[in-house]
Amino acid sequence: MKITIIDFNNDEEDLKKIYSKFVKRIEFFSSVNFIILKEKKEVNIDKKKYLETLEIIKNIPKNSKVFLFTINSRQPDSIEFSKTVTNEANITLIIGGSNGVDEQKLEQEITNLEKISFSKLTFPHKIFKLLVLEQIYRAFCIQKNIKYHK
Numbered sequence: 010m011k012i013t014i015i016d017f018n019n020d021e022e023d024l025k026k027i028y029s030k031f032v033k034r035i036e037f038f039s040s041v042n043f044i045i046l047k048e049k050k051e052v053n054i055d056k057k058k059y060l061e062t063l064e065i066i067k068n069i070p071k072n073s074k075v076f077l078f079t080i081n082s083r084q085p086d087s088i089e090f091s092k093t094v095t096n097e098a099n100i101t102l103i104i105g106g107s108n109g110v111d112e113q114k115l116e117q118e119i120t121n122l123e124k125i126s127f128s129k130l131t132f133p134h135k136i137f138k139l140l141v142l143e144q145i146y147r148a149f150c151i152q153k154n155i156k157y158h159k
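Under our numbering, the first residue of the sequence shown carries the number 10, and numbering increases by one thereafter.
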């Protein structure tokens, strides 16, 4: 299995140790690849989202099931999420930029796109990235019956 996480910015120096801890744990089950994109310096938010979405699309690996994190989507619990992510050979998880993504453009271009949400709350970008890594690790533990998830 291969996991690709497409993310924006890379200014999480304070959390890199914790990220690394979860990545090492995940790599026991799967490879993890980060694609870090730079946010566009565009004043018009719709144009910014569109341009960033084009960058995302260019970086999605072929033959990968694609998941987009959005607020207004299905909210799986940890067990549902574990079934979702571990049932695919290759997955790509998209964490959009600070203004989100052009969802319509993504839906047009990516036929196997699935939208999911971890909460209706808004999180700082670097905290959400940590949450994603933790839930991926939890997903493998659930599927492999490893004592971590309670």
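Glycine included, every Cβ here is placed at the ideal spot set by N, Cα and C. Just so you know, these numbers come straight off a predicted model, no measurement behind them.
Residue i and residue j closer than 8 Å at C-beta
{"i": "residue 55", "j": "residue 138", "result": "no"}
{"i": "residue 132", "j": "residue 140", "result": "yes"}
{"i": "residue 75", "j": "residue 122", "result": "yes"}
{"i": "residue 61", "j": "residue 110", "result": "yes"}
{"i": "residue 103", "j": "residue 78", "result": "yes"}
{"i": "residue 152", "j": "residue 91", "result": "yes"}
{"i": "residue 146", "j": "residue 35", "result": "yes"}
{"i": "residue 82", "j": "residue 124", "result": "yes"}
{"i": "residue 10", "j": "residue 39", "result": "yes"}
{"i": "residue 18", "j": "residue 134", "result": "yes"}
{"i": "residue 142", "j": "residue 37", "result": "no"}
{"i": "residue 126", "j": "residue 69", "result": "no"}
{"i": "residue 85", "j": "residue 95", "result": "no"}
8 Å contact criterion, which residue i and residue j should meet: CB distance rounded
{"i": "residue 47", "j": "residue 108", "result": "Going by Cβ atoms, the distance from residue 47 to residue 108 rounds to 14 Å, so no, they are not a contact pair."}
{"i": "residue 13", "j": "residue 45", "result": "The Cβ separation is near 11 Å, so there is no contact."}
{"i": "residue 66", "j": "residue 27", "result": "That belief does not hold up - the Cβ atoms of residue 66 and residue 27 are roughly 30 Å apart, past 8 Å."}
Residues sharing a beta bridge with residue i, DSSP
{"i": "residue 83", "result": "125"}
{"i": "residue 40", "result": "11"}
{"i": "residue 17", "result": "46"}
Simplified DSSP state of residue i, which is helix, strand or coil
{"i": "residue 111", "result": "coil"}
{"i": "residue 46", "result": "strand"}
{"i": "residue 142", "result": "helix"}
{"i": "residue 103", "result": "strand"}
{"i": "residue 52", "result": "coil"}
{"i": "residue 23", "result": "helix"}
{"i": "residue 78", "result": "strand"}
{"i": "residue 137", "result": "helix"}
{"i": "residue 31", "result": "helix"}
{"i": "residue 71", "result": "coil"}
{"i": "residue 98", "result": "coil"}
{"i": "residue 155", "result": "coil"}
{"i": "residue 120", "result": "coil"}
{"i": "residue 90", "result": "helix"}
heavy atom of the ligand SAM below 7 Å from residue i C-beta
{"i": "residue 64", "result": "You won't find the ligand SAM in this model; it holds no ligand whatsoever."}
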